[in-house]
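K.L.:
In order, the protein sequences belong to chains A and B.
Going left to right, the first sequence walks through residues 1 to 271 as my numbering numbers them.
Going left to right, the second sequence walks through residues 1001 to 1088 as my numbering numbers them.
Backbone N, C-alpha and C define an ideal beta-carbon position, used for all residues, glycine too.
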Amino acid sequence: MSSRSGIVDRLGGRTRIYWESTGTGDPVLLIHGLGLSGGAWWRTVDALAGAMRVITFDHRGIGQSESLTYAYTTEAMADDAVSILDDLEIDRVHLYGFSLGGMVAQQIALRNPTRVQSLVLGATHSGGRHAAFPESEVVAFFRRRATMPSEEAAWASVPYNYGPRSRAEQVDRIAEDIERRLANPFNEQAYRGQLLAASLHNCYRRLERIRTPTLVVHGARDRIIPAANAHMIAERVPGAQLKILEDAGHLYPTEEAAVDGAIGEFFAAHG
Amino acid sequence: MMAFMDDALGRVVNAAGTVGRAALIPWGGAEACVDAYEMAIRALSDAQLTIARTVEVEPVRAVLASYSEMTRDIGATHLSRLRWLLDV
């Protein structure tokens, strides 16, 4: 399977975005969530790259990417993602955003509608005052998490990231996730910036402008971004499909191995 | 963000948003104003990048490209705050 990587730097500017591309076929851009590098998509890359060209990247301030300013907003992160498409000379792409990445994907679909072939919004919210908020205990944990040592933080996050079934039956898969996550250095400043970006995100009223075929995926047991947000998004995006995974928590790609296949089928249906 | 605020601050922010939306009604409403600002910022950033492409001398070219990035990022920061505050 062909694989390559690179860094987008627009004419020698200071914002540099690292990307990786695996496989051939219709391109799909994967946009990951809070504090993670593009490498966090390893399971999904394996699942999709047999039939598609799968592109992942590191958000600004994470992994090998950096930016000129500390502008952590979903708008700026969307521009970063689009700069990769420009650099790779890709006109249209399937888009799959997870959690914070789903917020960035909403911005791309709204700001660059002609470039999005289809859209998958995973475990995300539309933002603003209308979003369904997590319990105060969850909010307090994620504030505290930024100051915790990486390994302790990764394990302490497990009750928030995964549903009860997964915590009981899929310990090996959870451990694999954490091992991969710890392989990348944690940038506290970028984490805090991304947390602010997620908090200030607001696409709620504009979702009805999206005309791209859209699939909304969410774990019913998600404690970080409650599943009510998925219902809200699916109601507001015209024609959106909704897939609720009854036993899954926030990190459903780990908990529901079959979901990547279903998402691949959605992309194929809208190729 | 509301989840990170106490009730009193939330009420202040909501009131500020209501005042802001009312103030922008004469200019077509808050949504139209913020959309126009977004288009203007993106056009300006693209124009700066286009100018940078025409310059072949370094580091002038890189500096011009950085201006484009700065315009884009500052604009994105304004937009994020405005869209959240005004709820548009």
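#1: Between residue 217(A) and residue 93(A), how many whole angstroms is the CB-CB distance? I'm expecting something under 8 Å.
#2: Please name the residue or residues paired with residue 191(A) in a DSSP beta bridge.
#3: Should residue 1034(B) and residue 1064(B) be called a contact, given that it needs their Cβ atoms to be closer than 8 Å?
#4: Report the residue from 84(A), 29(A) and 17(A) whose alpha carbon sits nearest the alpha carbon of residue 63(A).
#5: Report the neighbours of residue 79(A) on chain B: residues whose CB is nearer than 7 Å to its CB, in chain order.
#6: Figure out for me which residue from 199(A), 237(A), 204(A) and 156(A) has the closest Cα to the Cα of residue 178(A).
#7: Restricting to Cα atoms, I'd like to know which of 23(A), 224(A) and 5(A) is closest to residue 138(A).
#8: So is residue 149(A) buried or exposed if we call it buried at 16+ other beta carbons inside 10 Å?
#9: Give a yes or no on whether 8 Å exceeds the smallest Cβ distance from residue 75(A) to chain B.
#10: Once the 5 residues before and after residue 56(A) are set aside, which same chain residues still bring their CB inside 6 Å of it?
#11: Cβ of residue 25(A) versus every heavy atom of the ligand FMN: is any distance shorter than 7 Å?
#12: Compute the beta-carbon to beta-carbon distance between residue 1083(B) and residue 112(A), rounded to the nearest angstrom, for a pair I have assumed lies under 8 Å.
#13: Going along the chain, which unbroken runs of the beta strand (DSSP E) with 3 or more residues stay wholly within the region 162-226 of chain A?
#14: Given a threshold of 16 other Cβ atoms within 10 Å of its Cβ, counted over all protein chains shown, does residue 1(A) qualify as buried or as exposed?
#15: Name the one or two DSSP bridge partners that residue 127(A) has.
#16: Counting only Cβ-Cβ distances shorter than 7 Å, please list the residues of the region 1041-1056 of chain B near chain A, keeping chain order.
#17: Between residue 250(A) and residue 184(A), is the Cβ-Cβ spacing less than 8 Å?
#18: Which residue wins for smallest C-alpha separation from residue 195(A), given the options 97(A), 22(A) and 74(A)?
#19: Any idea what DSSP makes of residue 133(A), helix, strand or coil?
#20: Which of the three DSSP states, helix, strand or coil, is assigned to residue 101(A)?
#21: Assuming the contact rule is C-beta atoms closer than 8 Å, residue 230(A) and residue 244(A) should be a hit. Round their C-beta distance to whole Å, please.
#22: Give me the chain A residues within the contact set of residue 1087(B), using Cβ-Cβ distance strictly less than 9 Å, ordered along the chain.
#23: Could you check whether the Cβ of residue 1011(B) sits closer than 8 Å to any Cβ belonging to chain A?
#24: Any C-beta of chain B sitting closer than 8 Å to the C-beta of residue 114(A)?
#25: Between 8(A), 28(A) and 5(A), which has its C-alpha nearest residue 270(A)'s C-alpha?
#26: Taking the Cβ atom as the reference point for each residue, do residue 280(A) and residue 99(A) lie within a distance shorter than 8 Å?
#27: For residue 170(A) and residue 124(A), I'd like the C-alpha separation in whole angstroms.
#28: Quick one: using the 10 Å Cβ neighbour count with 16 as the cut-off for buried, is residue 15(A) buried or exposed?
#29: Distance cutoff 8 Å, beta carbons only. Does residue 1081(B) sit that close to anything in chain A?
#30: For chain A, check one thing: does any of its Cβ atoms lie closer than 8 Å to the Cβ of residue 1027(B)?
#31: Among 255(A), 206(A) and 109(A), which residue has its Cα nearest to the Cα of residue 175(A)?
#32: Would you mind telling me which residues of chain B sit closer than 8 Å to residue 68(A), beta carbon to beta carbon, in chain order?
#33: Report the residue ranges of all alpha helix (DSSP H) runs contained in full by the region 1007-1062 of chain B; include only those spanning at least 4 residues, in chain order.
#34: Just reading off the alpha helix (DSSP H) that residue 253(A) is part of, what are its end residues?
P.N.:
Once the coordinates are examined:
#1: By one-based count along the first sequence, residue 217(A) stands at place 217. By one-based count along the first sequence, residue 93(A) stands at place 93. Residue 217(A) to residue 93(A), Cβ: 18 Å. No contact.
#2: Residue mapping note: residue 191(A) aligns to position 191 of the first sequence, counting from 1. According to DSSP, residue 191(A) bridges with nothing at all.
#3: Within the second sequence, the letter at position 34 stands for residue 1034(B). Within the second sequence, the letter at position 64 stands for residue 1064(B). Contact flag unset, no.
#4: What you label residue 63(A) is simply residue 63 of the first sequence in a count that begins at 1. Ranking 84(A), 29(A) and 17(A) by Cα distance to residue 63(A) puts 17(A) first.
#5: Locating residue 79(A) in the first sequence gives position 79, counting from the first residue. 1072 and 1076, listed in chain order.
#6: Locating residue 178(A) in the first sequence gives position 178, where the first residue counts as 1. Cα-wise, what sits closest to residue 178(A) is 156(A).
#7: Taking the first residue of the first sequence as position 1, residue 138(A) is located at position 138. With distances taken between Cα atoms, residue 138(A) lies closest to 224(A).
#8: Translated into positions along the first sequence, residue 149(A) becomes position 149. Residue 149(A) is exposed by the Cβ-count criterion.
#9: The residue you call residue 75(A) lines up with position 75 of the first sequence. Yes, contact with chain B.
#10: Residue mapping note: residue 56(A) aligns to position 56 of the first sequence, counting from 1. Same-chain partners within the cutoff: 20, 30, 38 and 41.
#11: The ligand FMN is absent from the structure shown, which contains no ligand whatsoever.
#12: For this step, residue 1083(B) is matched to residue 83 along the second sequence. For this step, residue 112(A) is matched to residue 112 along the first sequence. That belief does not hold up - the Cβ atoms of residue 1083(B) and residue 112(A) are roughly 17 Å apart, past 8 Å.
#13: 214-219
#14: Counting from 1 along the first sequence, the entry for residue 1(A) is found at position 1. Classification of residue 1(A): exposed, given that the 10 Å Cβ count is below 16.
#15: Translated into positions along the first sequence, residue 127(A) becomes position 127. According to DSSP, residue 127(A) bridges with 202(A).
#16: 1049, 1052 and 1053
#17: Taking the first sequence and counting its residues from 1, the one referred to as residue 250(A) is at position 250. Taking the first sequence and counting its residues from 1, the one referred to as residue 184(A) is at position 184. No, they are not a contact pair.
#18: Translated into the one-based positions of the first sequence, residue 195(A) becomes position 195. Ranking the options by Cα distance to residue 195(A), first place goes to 74(A).
#19: Indexing the first sequence from 1 puts residue 133(A) at position 133. Correct three-state label for residue 133(A): coil.
#20: On the first sequence, position 101 is the one that residue 101(A) refers to. The answer is helix: DSSP assigns residue 101(A) an H, G or I state.
#21: Numbered from its first residue, the first sequence carries residue 230(A) at position 230. Numbered from its first residue, the first sequence carries residue 244(A) at position 244. With 8 Å as the limit, residue 230(A) and residue 244(A) qualify as a contact, their Cβ atoms being about 7 Å apart.
#22: Along the second sequence, one-based indexing puts residue 1087(B) at 87. Within chain A, the residues near residue 1087(B) are 128, 129, 130, 202, 204 and 205.
#23: What you label residue 1011(B) is simply residue 11 of the second sequence in a count that begins at 1. Not closer than 8 Å to any Cβ of chain A, the Cβ of residue 1011(B) fails to qualify, so no.
#24: For the purposes of this step, residue 114(A) is taken as residue 114 along the first sequence, with counting starting at 1. Not closer than 8 Å to any Cβ of chain B, the Cβ of residue 114(A) fails to qualify, so no.
#25: What you label residue 270(A) is simply residue 270 of the first sequence in a count that begins at 1. Nearest C-alpha to residue 270(A): 28(A).
#26: Nothing can be reported for residue 280(A), as the shown portion of chain A is limited to 1 through 271.
#27: Position 170 of the first sequence, counted from the start, is the residue given in the question as residue 170(A). Position 124 of the first sequence, counted from the start, is the residue given in the question as residue 124(A). Rounded to whole angstroms, residue 170(A) to residue 124(A) spans 23 Å at the Cα level.
#28: Position 15 of the first sequence holds residue 15(A). Result: buried.
#29: In the second sequence, the residue the question calls residue 1081(B) occupies position 81. Yes, contact with chain A.
#30: Taking the second sequence and counting its residues from 1, one reaches residue 1027(B) at position 27. Cβ-Cβ to chain A under 8 Å: no for residue 1027(B).
#31: As a working note, residue 175(A) is residue 175 in the first sequence. It is 255(A).
#32: Here residue 68(A) refers to the residue found at position 68 of the first sequence. Ordered by position in chain B, the residues that pass the 8 Å Cβ test against residue 68(A) are 1066, 1069, 1070 and 1073.
#33: 1007-1023 and 1030-1054
#34: In the first sequence, counting from the first residue as 1, residue 253(A) sits at position 253. Its alpha helix (DSSP H) spans residues 252-255.
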